[in-house]
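Numbering of the first sequence is given in this note's numbering, commencing with residue 4 and proceeding in unit increments.
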Amino acid sequence: DVVVELETPREKSHGDVATNLALVLAKALKAKPRQVAERIVAALSFPPGLVASVEVAGPGFINFRLAADQLAGTLQSIIAAGASWGRSGVGNGAPVNVEFVSANPTGPLHVGHGRQAALGDAISALLEWTGWKVTREFYYNDAGAQIAKLAESVLARIAQAAGRPAELPEGGYHGEYIRELAERYVAAHPGAEAAADADAVRRFAVRALREEQDRDLQAFGVKFDVYFLESSLYADKRVDETVARWAAAGHTYEQDGALWLRTTEFGDDKDRVVRRSAEKGGEYTYFVPDVAYHVNKWQRGFTRAINAQGSDHHSTVNRVRIGLQALGLGIPEGYPEYVLHQMVTVMKGGEEVRLSKRAGSYVTVRDLVDEVGRDAVRYFFLMRKADSHLQFDIDLALKRSEENPVFYVQMAHARMSGVFRVGGVDAAGVTAEGVDVAVLTDPSEAELLKALARFPDAVARAAEALDPQRLTNYLEDLARAAHLWYHRCRVLGESPEVERARLAVARATQIVLANALGLLGIAAPERM
RNA sequence: GCGCCCGUAGCUCAACUGGACAGAGCAUCGGAUUUCUAAUCCGGUGGUUGCAGGUUCGACUCCUGCCGGGCGCACCA
């Protein structure tokens, strides 16, 4: 029943691949781990050209060193597969819905949305690279209470601009962009200063803000396949159906004039209101359309759904899942999956930046992209795991030196490209045919080839964990190996055999760096 | 009070999901090297992994209890 696990030891002297098999078996066999290991090693046989040496080490680990031929094979397959090297098919083309950003059209996107955009898009790409059929989806509310507040805020600014006394509503929107919207509305609707049509203002503001968000997302390099409107769930009665199903299943009850869902039956700490009492307006609470929306995802054939959200929404996780369970539709308990991320603080000159001119109270995605560029923003949002608070250091993102991880990684690619440029060699024409890896004698060459070989595994692990940070970690390791090799090993002007082999190494490195960067939505420049 | 997340070198973060001596970058100290981009390389200093227990051959990782920080706990979204 033992699972044989192979791992790459972090200590180089422990070989290329190791297993703890003997340690795991020792107890059941009532033998000393090292003796078990010796017995296993004695019984092993390998196909020719795979393993160079095997040894028992430490408490009972078995360490393998791979034959040089293996690295030659890596070089060959990278160059042959090119832009598709690192892809796998474990997803079998199964559909998966990745929902992210999902900002309501009440203002410009803030840094948290930016982190979601980077995360959601990278997770989508990781799933695509591992064989899933991904739909990127953006969900937004175009008709709720927040939208009403938005419309009232704009109306108040229109009135103020016309010299009439008006106050922003309680909890209204104060940003400078509201004033802009008011001006634009009046400019487009002569006579509106006197009496603006509230409904028309709402539609105008929603459309304008959605367009602005789309422009920002486009500048960020993120594209969605589906934009899903919350209002459509009401329009085609999906919200009503959801409530009716809960009631039919016997999970609802009336109390204090409101309709409740008995979520405590499913492990919640208290029951939840589904429909408010008459004196509170008699409307459904927000969580009903949330559940109806996920039923809809399920019915569209998404047996897997992933939501990237800020951790301030974590209380909805259980509620949505419980709401789905209470419907009895056979939807799995862990549906949908969530990737929750912690806060972002923007640092500049050693101090926290909190405000943006247009939005007023928060830093926008646009502010960041304008200041440091899309590549740096994307990379910085991905280089920490979602669970951790993220410090976005603007000064660091602007540095053109090794300290800046984006620069460091892109520079590695530019250097590889530089070899071909200076040598007048067509990179696309480089092959591994006739390359003898035995001429690659510098230790940094073996290290680089091993780092290249790990790419498919790094993609697979990052995809499985829904964690792009694993890939940025890998990318930095790879870039380090590439820089080191570049500085130790001359490519051009060496003997023909060495030059040919090293051109192949440079080409393979260029390919893997470009693939990894491309996956993360970051440019792979030819020069910096 | 309850729930979720976090706590690792002076700073920012890793550690392959329980493996071998906890590693990188920055900072700091000492050396080398004017190159297919000096936008470089090599080495040193720096740790009781917040604290206290437990589980096991083995714990940064899992469990329990504390301490500290963040975010949530509406008939708001």
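For every residue, glycine included, the Cβ atom is placed at its ideal position computed from N, Cα and C. Please read these numbers as outputs of a predicted model, since none were measured by experiment.
Between V59 and A329, the alpha-carbon positions lie close to 54 angstroms from each other. Per DSSP, reduced to three states, the secondary structure at G313 is strand. In this chain, the beta strand (DSSP E) harbouring D396 covers 393 to 396. Between R213 and P108, the C-beta gap is smaller than 7 angstroms, which places the two residues in contact. The shortest CA-to-CA distance from V189 to any of L487, Q163, G175, A247 is the one to Q163. Note: F67 is bridge-paired with V20, V57 in the DSSP secondary-structure output. When the Cα atoms are used, E10 and D239 turn out to be separated by approximately 52 angstroms. Here D460 is exposed, its C-beta having fewer than 16 other C-beta atoms within 10 Å. Here A311 is actually not in contact with F223; their C-beta atoms are around 14 angstroms apart, not less than 8 angstroms. Going by C-alpha positions, T306 is about 56 angstroms away from G496. For F290, the three-state secondary structure derived from DSSP is helix.
According to the DSSP assignment, T512 belongs to no beta strand (DSSP E) but to the alpha helix (DSSP H) extending over 499 to 522. Taken atom to atom, the span from the alpha-carbon of E215 to that of F269 is near 41 angstroms. A residue is called buried when at least 16 other Cβ atoms come within 10 angstroms of its Cβ; H297 meets this threshold and is buried.
Pairing E186 with V375, the inter-Cα distance amounts to about 30 angstroms. Listed in chain order, the alpha helix (DSSP H) elements of length 4 or more contained wholly in the region 234 to 295 are 241 to 251.
For the options A169, N144, N321, I397, the alpha carbon positioned closest to that of E233 is the one of N144.
For N518, the number of other beta carbons within 10 angstroms of its own is at least 16, and it is reported as buried.
Note: P98 is bridge-paired with K136 in the DSSP secondary-structure output. Per DSSP, L153 is one residue of the alpha helix (DSSP H) stretching across 148 to 164. By the CB criterion at 7 angstroms, L455 and W132 fall outside the cutoff. A direct Cα-Cα distance of roughly 15 angstroms separates R361 from R160. When DSSP states are grouped into helix, strand and coil, Y341 belongs to the strand group. Approximately 5 angstroms separates the beta-carbon atoms of K388 and Q472; this is inside 8 angstroms, confirming the contact. Here V349 carries a strand assignment [DSSP, helix/strand/coil]. Counted as a single uninterrupted DSSP element, the beta strand (DSSP E) harbouring E355 occupies residues 354 to 356. In the DSSP assignment, Y489 falls within the unbroken alpha helix (DSSP H) covering 472 to 491.
When Y338, A203, G326, S391 are compared, the shortest CA-CA separation from G313 is found for S391. If you check the CB distance, S447 and R483 do not come in under 7 angstroms.
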